Amino acid sequence: MKRRDLLKYTATLSMATGGALLLKACGGKNDDENLPASTLPIPDLVRADAVSAITLKLQKGRYEFLPGKPTDTFGVNGALLGPALLVRNGGQFNVRVENGLDEDSVLHWHGLLVDGGSDGGPASAVGAGGSYAVNAPVSQPAATLWYHAHPHGRTGYQTARGIGGLLIVEDEASQSLGLPSTWGEDDLPIVMQDKYLNDDGQIVYKLNHNVVGLGWFGQHLFVNGVQQPVHYAPRGWVRLRLLNACNARALRLKLGTGSPFHVIASDGGFLPGPVTVTELDMVPGERYEILVDGSSGQPFDLVMAPFRQQWGAYTAPFDVDYKVLTIHPSRPAKNRMMPAVLTELADAVPPEGIRHRRIEFELMGHFPLDPDPTGPLFNQDDFPFSYAINDEDSVFDDHTTMHINQVTVDDAPMESFAIDKASFHVPRHSTEKWTITLRTGDTYPHPFHVHGTQFRVLRINGAQPPQHMRGWKDTINISGAANVRAEPGQVDVLVRFDHEAVLPHPYMVHCHNLEHEDGGMMLGFTAS
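For the sequence shown, the working numbering begins at 49 and goes up steadily by one.
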């Protein structure tokens, strides 16, 4: 019998707080006050190699999400978000991180294949005023990755306040494809985050009953820190590097006209060829690159359609199609193309005798599993915290109810998650088949993320994955099949381990709903 690794999550009552907005978005050189209010901000693209010796400073700032209402925020080398980092396959990733916050923090390089000591997991967090260096070889093909805060119990709070940014891997093959590649013109970073703002324009981050159980949702959606921005692009193909950087909100994206667009890459890099779709779902942490045909010169909108499976998020203004951004392809055309072949990628076939590991999530009930999806958005600012178990500024870390079960076939006792513990070990350079199951069977999206590796999707609820999900990934939605309430959600993946992680810096497996993650819906593992 094979060992199973069971992650159980139980909703609880707690609270924490935040507030925030800023002066310089995305760690770039353009102050928001000098930009038209609706212009898409473009973060600086900065080489993070051995020559550049980049320093990333986590810092406080102030930023106007809403006109005339500056908000306190966190950012990286600026008041909100950070620069886009550029590395090259075969080169070095070299940065120094300085913690200018008043609390512990660490940056996780989400999707970057590095050893556990460089990965930026919660065990690597440094205190206020602390710093550390990362110098690691880059050994993966071109891809759109990202970085974000990852201190245990505080990831959701710091991400909501603005710690994050893109991490771009380039290689010779990608540069020879003829794709749109002029940063900020036809190659666009699209970092999407929702924020809950009160009447004073401040971010409200408090963990009440709903937030702990469902995740933190905002009533505003921002792209690179701006609501419904506009961008003027060259005619022809426009490349959007999409990142769902929300704490918990799943996004269902389409074009306002309903026209098709083309997915060219997922989390881990290019697909074999473009996949034509009319709608694209993204859970927190996921990235996709898409191409949109702007050869007509007509403007088009990227639109978020209602995601009805996500209770608590299916509320105004997101209960109808919501414009995310508008692109005007009206500038002089560039000689760009959409190749029919992007990369070589063999079919995912499990080898004979492969180890089969099972990881199970279970959502246990202090809140209803099927609340009214059309009900009002809970008011986090006015929520009566009579049931709070922590004070307002505390770290949310109640592992008496947010825990991980490490079980064998005879159901050994549960064990709470601990930063310095490895729940299992995998041999380096091995491949395993993992079956990840959401035992409750609800259709609510649960983003599953694994550090230090990537996987190929074999099955989703018993069916073949759609074509755009057949490339390399590190984050995937686990949820029950639509309209089948009693059936557990289940995803089978093929995982390859080529990097090393040893204690005290294990890799993490966790739910990328950050409120679930902070509560302990996470486990560590080693590879050597």
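Even glycine gets a Cβ: it sits at the ideal position worked out from N, Cα and C. On a predicted model such as this, the values are computed, not experimentally measured, just so you know.
The three-state secondary structure of Pro185, taken from DSSP, is strand.
Here Ser527 is near Gly537, since their CB atoms are less than 8 Å apart. Taking Pro332 as reference, the option from Pro354, Arg300, Tyr362 and Val340 with the minimal CA-CA separation is Arg300. By DSSP's assignment, Ala529 forms no beta bridge with any residue. Only exposed fits Gln346, as fewer than 16 other CB atoms lie within 10 angstroms of its CB.
No Cβ-Cβ contact shorter than 8 Å links Phe141 with Val124.
Annotated three-state conformation of Leu149 is coil, per DSSP.
Between the alpha carbons of Pro552 and Asp468 lies a gap of roughly 5 Å.
The alpha carbon of Arg356 has as its nearest neighbour, out of Pro237, Pro228, Val368 and Gly261, the alpha carbon of Val368.
One alpha carbon belongs to Val550, the other to Pro170, and they sit about 14 Å apart. Of the candidates Gly401, Lys371, Phe409 and Glu565, Glu565 places its Cα closest to the Cα of Ala466.
A direct Cα-to-Cα measurement between Ile102 and Pro493 gives close to 36 Å.
With respect to the 8 Å criterion, Pro91 and Pro131 are classified as neighbours on the basis of their beta carbons. Each residue's CA atom was taken as its position, placing Val259 and Asp242 some 14 Å apart. The alpha-carbon separation between Ala221 and Tyr205 amounts to approximately 38 Å. Segment contact: the stretch 288-300 against the stretch 330-344, three or more CB-CB distances shorter than 8 Å; contact assigned. Rounded to the nearest whole angstrom, the C-alpha separation of Arg544 and Ala353 is 34 Å. Where Asp566 is concerned, the enclosing alpha helix (DSSP H) starts and stops at Leu562 to Asp566.
Taking Asn509 as the centre and dropping the five residues before and after it, the same chain places the C-beta of Ala529, Gly537 and Gln538 closer than 7 Å to its C-beta, in chain order.
In this structure, Gly401 keeps its C-beta atom at 8 Å or more from the C-beta atom of Ala470. When secondary structure is reduced to three states using DSSP, Leu160 falls in the coil class, being assigned neither helix nor strand.
Between Gly178 and the set Gln107, Val271, Val323 and Thr574, the nearest pair of CA atoms involves Gln107. In the same chain as Thr574, and ignoring 5 residues on each side of it, the C-beta atoms closer than 6 Å to its own belong to Ala470, His473, Ala549, Val550 and Pro554, in chain order. Positions of the beta strand (DSSP E) runs, each at least 3 residues long and wholly inside the stretch 290-327, are given as 299-303, 309-314 and 317-325 in order along the chain. By the criterion of at least three beta-carbon pairs nearer than 8 Å, the stretch 188-202 is not in contact with the stretch 358-366. Remark: fewer than three beta-carbon pairs, one from each stretch, lie closer than 8 Å, so the stretch 270-283 and the stretch 134-150 are not flagged as touching.
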